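Novice: Before I ask anything, let me first share the structure, which is written out below as structure tokens.
In the UniProt record's numbering, the protein residues as written are 1 to 497.
This is the structure we're talking about:
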């Protein structure tokens, strides 16, 4: 390959590649996937070499100033191809895609002498895709452990992705009990220096297991044999900043470029995933059986002005469970005590100054909090709009429901769980929970789970609201061992059929 002119891209919102002259003394050192230092728009910047040409159509070219990767490239040729696919698919520049592949410590132009790694041999690689439609988690884990062991026996590496930080320890402990192998956990808070050290170790270790959040899909493992995406329906797998991508897409790209096996697990697969699994004839394993008794309570039979939010059938269910020392989870996806505060004089509603969402009153902190961006402020004594002193709070959140239940069942231990809860409660009779409880659906099992107001999950102006509501129902039902109760005024909705 003639290395007269290097084609370089940058981690900026500018399309490339750009041509740079390769000095004679750097021709042996430079290569595809290496980071280089160059002048770009009169500033010294770090770029990535993505190719070489013999001649440029431009007469005068700036030279490569320095090659930052003194040994092996920081990004191998397969990763360069992967980022090219990401660039084409996700609407970002090639340089932005390449930057995503690197830890923060290598995005700032730090020099590094990386060891060469052996080229992969595509032996025993089938490139198979499997969808596990899971219910009770034990059977799913048996399949996953078997697949991981099979991959490690071939001295190939495994990437396991989880959507939430809280699941990192849970999944890593599960794997440690069954498998003895080099294990790397990505996603916990650490320094840039530590992240770079882990990145180098992953790159140089064969037959390792990487467990991490969304960005772990870019782990530079040697000889990738298996990718597992746990709970593929989780919205946390979608990257909202540039480059915009979904983990499932990157997993498919890596499968294509590295011929590895790919396994998705999901209690309620995304509609597009289910469609693709059937169209492309993936292997589908269905472990979704559930023997829980389902009870639908039609709330149109109750006058909201005179009735409690806890319907009579649900009151009876709770009473029976408490008498038999059985635990209950009541799901209400609203934090705080009151869900909005309004001035009775001018009808002004207190909203978040940053995102315009109604502020929620938290009795535990005696303050107003935005449930979206977590901005908080003191409850004002007068209306900020008309200066009147007629502010009234209303609506029901988990704190208010907790107070209501204490009046009904004074001897029961009633606790709440929301996104501020740091430790999963173990000792309770009734747990009033927001959506934060769903992340524990494999660890927290109780006889009865009830959804207090399912209609609120459907009233979003979003084409995926039905899918999200259905996914939520499936996860909550999987937490119920005996009874699953849903209160609704929309009993004919397709999510409940």
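The beta-carbon is built from N, C-alpha and C at its ideal position, and this holds for glycine as well. These numbers come from a predicted model, not from an experiment.
If we count the other Cβ atoms within 10 Å of its Cβ and call it buried at 16 or more, is residue 559 buried or exposed?
Specialist: Outside the displayed span of the chain (1 to 497) sits residue 559, for which this structure offers no information.
Novice: Can you find the residues in the same chain that come closer than 8 Å, C-beta to C-beta, to residue 392, ignoring five residues on each side of it along the sequence?
Specialist: Taken in chain order, the residues that qualify are 341, 342, 343 and 344.
Novice: Identify whether residue 361 lies in helix, strand or coil by the three-state DSSP scheme.
Specialist: If DSSP states are grouped into helix, strand and coil, residue 361 belongs with the strands.
Novice: Restricting to runs no shorter than 3 residues, where is the beta strand (DSSP E) found entirely within the segment 421 to 456?
Specialist: Runs of the beta strand (DSSP E) inside the segment 421 to 456: 430 to 433 and 446 to 451.
Novice: Under DSSP, the beta strand (DSSP E) around residue 44 begins and ends at which residues?
Specialist: Its beta strand (DSSP E) spans residues 43 to 53.
Novice: Only counting runs of 4 or more residues, tell me where the alpha helix (DSSP H) segments fall wholly within the segment 12 to 94, in order along the chain.
Specialist: Within the segment 12 to 94, the complete alpha helix (DSSP H) runs of at least 4 residues are 77 to 90.
Novice: Hey, how far is the Cα of residue 501 from the Cα of residue 441?
Specialist: No information on residue 501 is available, as it lies outside the stretch 1 to 497 that the chain covers here.
Novice: Could you say which of 36, 166 and 154 lies nearest to residue 109 if we only look at CA atoms?
Specialist: Among 36, 166 and 154, the Cα nearest to that of residue 109 belongs to 36.
Novice: CA-CA distance, residue 23 and residue 116?
Specialist: Their Cα atoms are separated by approximately 23 Å.
Novice: Does DSSP put residue 480 in a helix, a strand or coil?
Specialist: Of the three classes helix, strand and coil, the one that applies to residue 480 here is strand, per DSSP.
Novice: If distances are taken between C-alpha atoms only, which option among 337, 144 and 237 comes closest to residue 369?
Specialist: The residue with the shortest Cα to Cα distance from residue 369 is 337.
Novice: Nearest to residue 316 by alpha carbon, out of 408, 272, 222 and 190?
Specialist: Residue 316 has its Cα closest to that of 408, out of 408, 272, 222 and 190.
Novice: Which class does residue 310 belong to by DSSP, given the choice of helix, strand or coil?
Specialist: Reduced to three states, the DSSP call for residue 310 is coil.
Novice: Which residue marks the beginning of the alpha helix (DSSP H) containing residue 405, and which one marks its end?
Specialist: Residue 405 -> alpha helix (DSSP H) spans 398 to 408.
Novice: Within its chain, find whatever has a CB closer than 6 Å to the CB of residue 507; leave out the 5 residues flanking it on each side and keep chain order.
Specialist: Because the chain in this structure spans residues 1 to 497, residue 507 falls outside the shown range and cannot be described.
Novice: DSSP on residue 229, reduced to helix/strand/coil?
Specialist: Three-state result, residue 229: strand.
Novice: Is any beta-carbon of chain B found at less than 8 Å from that of residue 184?
Specialist: The structure shown has no chain B; it contains just one protein chain.
Novice: Using only the alpha-carbon positions, how far apart do residue 358 and residue 446 sit?
Specialist: For residue 358 and residue 446, the distance between alpha carbons rounds to 33 Å.
Novice: Taking C-alpha atoms, which residue in 349, 45 and 19 lies nearest to residue 386?
Specialist: Selected option, being the one with the closest Cα: 349.
Novice: Excluding the five sequence neighbours on either side, which residues of its own chain have a C-beta within less than 6 Å of the C-beta of residue 363, listed in chain order?
Specialist: Around residue 363: 337 and 399.
Novice: Let me check understanding here. Comparing Cα to Cα, which of 229, 375 and 186 lies closest to residue 352?
Specialist: Considering only alpha carbons, the answer is 375.
Novice: Could you please give me the residues that DSSP links to residue 221 through a beta bridge?
Specialist: Residue 221 pairs with nothing; no bridge assigned.
Novice: Taking residue 201 as part of the alpha helix (DSSP H), name the residues at either end of that continuous run.
Specialist: Residue 201 -> alpha helix (DSSP H) spans 192 to 204.
Novice: Is there contact here, the segment 231 to 242 with the segment 195 to 205, by at least three beta-carbon pairs under 8 Å?
Specialist: They do not touch, by the three-pair rule.
Novice: By how many angstroms is the C-alpha of residue 187 removed from the C-alpha of residue 419?
Specialist: The straight-line gap from Cα to Cα measures roughly 18 Å.
Novice: May I have a chain-ordered list of the alpha helix (DSSP H) segments no shorter than 4 residues that lie completely inside the segment 267 to 329?
Specialist: You should have 271 to 279 and 312 to 323.
Novice: In or out: residue 63 buried (at least 16 other Cβ within 10 Å) or exposed?
Specialist: By the neighbour-count rule (16 or more Cβ atoms within 10 Å), residue 63 is not buried but exposed.
Novice: Going by the DSSP bridge assignment, what does residue 182 pair with across the sheet?
Specialist: Beta-bridge pairing links residue 182 to 208.
Novice: So, helix, strand or coil for residue 458, using DSSP?
Specialist: Correct three-state label for residue 458: coil.
Novice: Suppose contacts are defined by Cβ-Cβ distances below 8 Å. Is residue 297 in contact with residue 322 by that definition?
Specialist: Contact: no.
Novice: Helix, strand or coil for residue 162, going by three-state DSSP, please let me know.
Specialist: DSSP places residue 162 in coil when its eight states are reduced to three.
Novice: Residue 248 lies in the alpha helix (DSSP H); which residues open and close that run?
Specialist: Looking at the DSSP string, the run of the alpha helix (DSSP H) that includes residue 248 is 247 to 258.
Novice: With a cut-off of 8 Å, do at least 3 Cβ pairs link the segment 283 to 292 to the segment 239 to 258?
Specialist: Touching, no.
Novice: At a cut of 8 Å, does the segment 65 to 83 reach the segment 91 to 98 through at least three beta carbon pairs?
Specialist: The segment 65 to 83, when compared against the segment 91 to 98, does touch it at the 8 Å Cβ threshold.
Novice: Apply the 10 Å Cβ neighbour rule to residue 423 and answer buried if 16 or more other Cβ atoms are within range, or exposed otherwise.
Specialist: Burial call: exposed.
Novice: Go ahead and pull the three-state DSSP assignment for residue 382.
Specialist: Here residue 382 sits in coil by DSSP.
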